[in-house]
Amino acid sequence: MTPDGRSKSPLALSPELREAVRRIARTDHLLVAMDFDGTMAPIVGHADDARPLPRAATAFAGLAVLPRTTTALISGRALASLRAVASPPVDSLLIGSHGAEAWLGPGSTGLTLDEEQKALLAEVRAILAEIVEEAPGTMLEDKPAGVVLHTRLAADDVAEDAVAAARSLLQDRKGVFLKDGKRVLETSVVNASKGEGVTFLRQITGATAVLFAGDDTTDEDALARLEPGDVGVKVGLDFTQAQYRVEAPVHVAELLEALLQERSVAVAEEDPQAAPS
């Protein structure tokens, strides 16, 4: 890969995906909703080290300032973590913790747990902490409504045993919700999903079409909520219900650049004075 994030042998977006980009760019109000890790940014060993590819961040920021265009990040990360690593455009909306947290601009209220949820979350963390003590290479990440068991740095057999142990202890516990991800097990005391996040953003923005891209199994919830006329893109080679696929974050950057170009043209045709110079 070259320093600017381009692959040495770049794979062009498929003709079908390029046509879908041209079509959706002409919708009245476009919502561009992106997963972050593995989509805008390459997967890394330590979550705090993740950063968006420069080309992806630049194109995303360009879309954020276009008329009748809303950008959003929908992530499993807590909002504080997402802001720290993504440095999103000021006008972008944020959905964190798989839909449990939302930032819709100044004045947005944070997530508040009741006393029962707080006690349950403490119990969940204690259980997972015991597992981590016995599973080298695993670690915990605290979120406002849950705890994540990370196994990316653990040996495969250790990771499998740790996740199996966590599932056996937590899957039948009332009020605890589990989600599988890539080398992570997400636990939460709030039942939410990225699919609910997409639906919520569509409603509050009045979007007439949505483009969503994501790489993880949890992103399938969002892809399942897309409607006719939307564009769903899977990043990677895993099974998906998305209509389109790209191989890696570098191709997401190409996708966003293509969308920015097409959307800029569409906006200029509708209102030449509104388009950025």
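Throughout the sequence shown, residue numbering follows the working numbering, covering 61 to 337 in sequence.
Note that beta-carbon positions come from the ideal geometry of N, C-alpha and C, so glycine has one too.
Query                                                                                                                                                                       : Result
Which same chain residues, not among the five before or five after A80, have their C-beta less than 8 Å away from its C-beta?                                               : V291, Q303 and Y304
In whole angstroms, give me the CA-to-CA distance for S253 and R137.                                                                                                        : 12 Å
Which stretch, first to last residue, makes up the alpha helix (DSSP H) that contains E193?                                                                                 : E175 to E193
Under a Cβ-count criterion, where at least 16 other Cβ atoms within 10 Å of its own Cβ denotes burial, should P288 be classed as buried or exposed?                         : exposed
Can you tell me whether DSSP reads G292 as helix, strand or coil?                                                                                                           : strand
Please name the residue or residues paired with H210 in a DSSP beta bridge.                                                                                                 : M199 and V244
When you compare only the Cα positions, how much space is there between K203 and I264?                                                                                      : 25 Å
In its own chain, which residues sit with a C-beta less than 7 Å from the C-beta of I84, not counting the 5 before and 5 after it?                                          : L90, A269, L271 and V291
Using 8 Å as the Cβ pair cut-off and three pairs as the minimum, do the region 131-148 and the region 88-105 touch?                                                         : yes
Do you know how far the Cα of E329 is from the Cα of H106?                                                                                                                  : 44 Å
Provide the residue span of the alpha helix (DSSP H) that contains G255, from first to last.                                                                                : K254 to T265
Comparing alpha-carbon positions, which option in I155, E317 and T278 lies nearest F237?                                                                                    : T278
Could you check where the alpha helix (DSSP H) with F120 kicks off and where it finishes?                                                                                   : P114 to A124
Applying the criterion that 16 or more other CB atoms from any shown protein chain within 10 Å of the CB defines a buried residue, is G170 buried or exposed?               : exposed
Can you tell me which of the three DSSP states D109 falls into?                                                                                                             : helix
Are the Cβ atoms of D275 and G296 separated by less than 9 Å?                                                                                                               : yes
Based on DSSP bridge pairs, tell me the residues matched to F237.                                                                                                           : S248
Verify whether the separation of the beta carbon atoms of L245 and I187 is less than 9 Å.                                                                                   : no
What are the uninterrupted segments assigned as beta strand (DSSP E) that are 3 or more residues long and contained completely in the region 291-330, given in chain order? : 291-295 and 304-306
Rounded to whole angstroms, what is the Cα-Cα separation between E206 and Q177?                                                                                             : In the sequence on display, residue 206 carries Gly and not Glu. Their backbone Cα atoms lie some 10 Å apart in a straight line.
Taking I191 as the reference, which of P75, E220, W163 and L173 has the closest Cα?                                                                                         : E220
Which residue comes first and which comes last in the alpha helix (DSSP H) that contains I84?                                                                               : P75 to I84
Looking at L164: is its Cβ nearer than 9 Å to the Cβ of L181?                                                                                                               : no
Please determine, among D88, A117 and R128, the residue with the shortest C-alpha to C-alpha distance to A146.                                                              : A117
Helix, strand or coil: which one does DSSP assign to D97?                                                                                                                   : strand
In whole angstroms, what separates the C-alpha of A284 from that of D216?                                                                                                   : 30 Å
Please report the distance separating the alpha-carbon of A226 from that of V208.                                                                                           : 11 Å
Taking only the alpha-carbon atoms, compute the straight-line gap between M100 and A195 and give it to the nearest angstrom.                                                : 30 Å
Cβ of A267 within 9 Å of Cβ of L315?                                                                                                                                        : no
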